[in-house]
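Asker:
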Amino acid sequence: MQKPSLVVLAAGLGSRYGSLKQIDKFGLNGETIVDYAIYDAIKAGFDKVVFVISAGIVDDFQRIFLDKLKHHAQVEYVVQELAMLPAHFTIPPDRVKPWGTAHAVLTATEKINEPFAIVNADDFYGRGSLQVIYEHLKTMENTKLQACLVGFTLEKTLSENGRVSRGICSIAPDQTLEGIVERTHIFKNPDVGAYFIEGDQRTNLSGKETVSMNLMGFTSPVFRLMEEMFEDFLREEGAALKSEFYIPSVLNQTLAEGVTVPVLTSDEEWFGVTYKEDKPIAQKRIHDLIDQGIYPPNLWQ
């Protein structure tokens, strides 16, 4: 059996955060948030990590991550670039925004030939979340298309400081995925629950909805599916300067292919950073976990 790998999405521009949050410091010794995800992943059993980064942070990435991780896991990286397009497609004039999370995963095609999990570089998932997906990935057959998802409760993933993007899940009674919709303008309701804005329409949410934080797993045949989907996306939406090819759309197409996608659960508390104002909250959460003995003060010593 091939051991599962971890793909870290670290190429986003972070425009709402105001700086490169992928390499910002949160731990007592300068650890980033993704250091904790990788640490937890290694504890869970992962021993190969593939980073997807932007060209602008290659030097910082090599300086911050490569040396300290090389004794703990096999570390690879790929650079997500706008020019990474299928033949006969070109970058629209004035396009600056990356092509989205699904394109980011697609750029790792040459590095992955085994089941893999995806994490965002700016989200804290907790060791239990990485453990549960690792254990499930070990049961997946890499000869065919399979997928899974770790679900989180919406109200526990909101920011006090502005909108967030979340994939809202519909779940069958047998705890399998029925569908997922990416909502890019979800706000915390000051009273209870949440709401999202689409166009001029406001829709209230209970806050109890299950959402995706991109902690999901696939077998490597998904790359063939993603290549086909990306070409369709470029034909239909590629001319729009801010259009994005989202990873939840790949899950929906996986369902359309007749694949059953289990929604895994974890008792871990998610937290992350979308805005600069989220940073001190995340730092305190990490420092509290260090005080509780869950993490050492110096993560990689």
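First residue of the sequence shown: 1069, per the numbering used here; consecutive thereafter. Yeah, the Cβ is synthetic: ideal placement off N, Cα and C, and Gly gets one too.
1) Do residue 1337 and residue 1224 have their C-beta atoms closer together than 8 Å?
2) Return the chain-ordered ranges of every alpha helix (DSSP H) run that is complete within the stretch 1112-1146 and spans a minimum of 4 residues.
3) Exposed or buried, which one is residue 1272 when buried takes at least 16 other CB atoms within 10 Å?
4) Does the beta-carbon distance from residue 1160 to residue 1299 come in below 8 Å?
5) May I ask you to report which of helix, strand or coil DSSP gives residue 1285?
6) Given residue 1074, which residues of its chain have a CB within under 6 Å of its CB, disregarding the five upstream and five downstream residues?
7) Return the CA-CA distance between residue 1174 and residue 1189, expressed in angstroms with no decimal places.
8) For residue 1235, report the span of its beta strand (DSSP E) as first-last.
9) With H, G and I counted as helix, E and B as strand and the rest as coil, what does DSSP make of residue 1331?
10) When DSSP labels each residue in this structure, what does residue 1156 get in the three-state scheme?
11) Do you know whose CA, among 1167, 1133, 1362, 1330, lies nearest residue 1310's CA?
12) Run through the DSSP bridge pairs and tell me what residue 1186 is partnered with.
13) Can you tell me where the alpha helix (DSSP H) holding residue 1354 begins and where it ends?
14) Looking at the unbroken alpha helix (DSSP H) that takes in residue 1269, where does it start and where does it end?
15) Residue 1245 lies in the beta strand (DSSP E); which residues open and close that run?
16) Measure the C-alpha to C-alpha separation of residue 1149 and residue 1368 and round it to an integer number of angstroms.
17) Is the CB-CB distance between residue 1227 and residue 1342 below 8 Å?
Answerer: On the basis of the coordinates in this document:
1) yes
2) 1126-1129
3) exposed
4) no
5) strand
6) 1109, 1114, 1117, 1185
7) 17 Å
8) 1232-1239
9) strand
10) coil
11) 1167
12) 1075, 1284
13) 1347-1359
14) Residue 1269 -> not in any alpha helix (DSSP H); beta strand (DSSP E) instead, spanning 1269-1273.
15) 1245-1256
16) 30 Å
17) yes
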